[in-house]
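Residue numbers (full-length UniProt numbering): 1 to 265. Comments concern the structure below.
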């Protein structure tokens, strides 16, 4: 039986569309995660960015790979039902940590989160992958937007650098151009969400988010996990996150001392 937070319909939606909404996934961890975000912003990690772009207003802070140094993040991951829900949605016996990600759009932030897939930035390949995006503030217009079925596209979407919009890797030929889902009539899934709700989506699901033109902050905690078939893959250049010195080889399971197993059924 699936975890009580979800039904077979949630699993079917995730498998078919590559995205599904889970109400209340981090409901018991909202205050903990808010404290963690404040700690993260007070002491940013080496990958932190304010995504400053000429002509843009506001502040779009993001940072990742901080769960081992910010105890609130580690506690939220361990004490929430996220690993069990991930196993059910991915149809995986094993759930392994990949990384955490914090995204904060202050009031009046004009920069949107560009359309992208997570997968092409990562050194992970597999069908059993999952990202969770959970707002820590009520969201309407600044919610995550995901293109249904894009996880099954034959080619991956070109990864770009968010501020410069340049290609992330020198070899762009193996990727499809970044589409415009609204102009091209694609099915875009988005929801009004409350703190602790979570959008679950595959690493290859195309997604983005609007600017935050409201008078309220939009803090979000994102968590990336992998399942049974996930393996290390080499990309045309340094990945994001880079994890220097990982010493893994193509086809290898992610090393458990860096990426701990959260659940094994």
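Just so it is clear, CB atoms sit at the ideal spot from N, CA and C, and this is done for glycine as well. Quantities reported herein were computed from a predicted structural model and do not represent experimental measurements.
Legend entry - residue 71: first and last residue of the uninterrupted alpha helix (DSSP H) it sits in: Counted as a single uninterrupted DSSP element, the alpha helix (DSSP H) harbouring residue 71 occupies residues 71-79.
Legend entry - Check whether residue 93 and residue 60 have beta carbons under 7 Å apart: No, Cβ-Cβ distance for residue 93 and residue 60 is not below 7 Å.
Inset, instruction - Could you please give me the residues that DSSP links to residue 64 through a beta bridge? - result: Bridge partners of residue 64: 101.
Inset, instruction - Could you work out which residue in 202, 218, 236 is closest to residue 16 when comparing CA atoms only? - result: For the set 202, 218, 236, the Cα lying nearest the Cα of residue 16 is the one of 202.
Inset, instruction - Determine, using beta carbons only, whether residue 209 and residue 129 come nearer to each other than 7 Å. - result: Cβ distance not < 7 Å, so residue 209 and residue 129 don't count as in contact.
Legend entry - Beta-carbon contacts of residue 252 that lie in its chain and below 6 Å, excluding the five residues immediately before and after: Cβ within range, chain order: 232.
Legend entry - Simplified DSSP state of residue 120, which is helix, strand or coil: The answer is helix: DSSP assigns residue 120 an H, G or I state.
Inset, instruction - Tell me, please, whether the region 20-33 touches the region 133-153 by the rule of three or more beta-carbon pairs shorter than 8 Å. - result: Contact holds: three or more Cβ-Cβ distances are below 8 Å.
Inset, instruction - Have a look at 223, 211, 234 and flag the residue whose alpha-carbon is nearest the alpha-carbon of residue 56. - result: Here the closest residue by C-alpha is 211.
Inset, instruction - Could you have a look at residue 144 and say whether DSSP puts it in helix, strand or coil? - result: Three-state result, residue 144: strand.
Legend entry - residue 233, DSSP secondary structure in three states: DSSP places residue 233 in coil when its eight states are reduced to three.
Inset, instruction - Report yes if the CB atom of residue 267 is closer than 7 Å to the CB atom of residue 143, and no otherwise. - result: Nothing can be reported for residue 267: it is not among the residues displayed for the chain, which extend from 1 to 265.
Legend entry - Element boundaries [alpha helix (DSSP H), containing residue 33]: It spans 30-42 - the alpha helix (DSSP H) in which residue 33 sits, taken as one unbroken run.
Inset, instruction - State the DSSP-derived secondary structure class of residue 207, mapped to helix, strand or coil. - result: DSSP places residue 207 in the strand class (E or B) of the three-state scheme.
Inset, instruction - Rank 91, 146, 183 by C-alpha distance to the C-alpha of residue 228 and give the top, closest one. - result: Residue 228 has its Cα closest to that of 91, out of 91, 146, 183.
Inset, instruction - Could you name the residues of the same chain whose beta carbon sits closer than 7 Å to that of residue 265, not counting the 5 residues immediately before and after it, in chain order? - result: Excluding sequence neighbours, residue 265 sits near 87, 93.
Legend entry - Touch test, the region 149-160 against the region 17-24, Cβ-Cβ under 8 Å, three pairs minimum: Touching, yes, given that three or more Cβ pairs across the two stretches are closer than 8 Å.
Inset, instruction - Could you name the residues that DSSP lists as bridge partners for residue 155? - result: For residue 155, no pairing in a beta bridge is given by DSSP.
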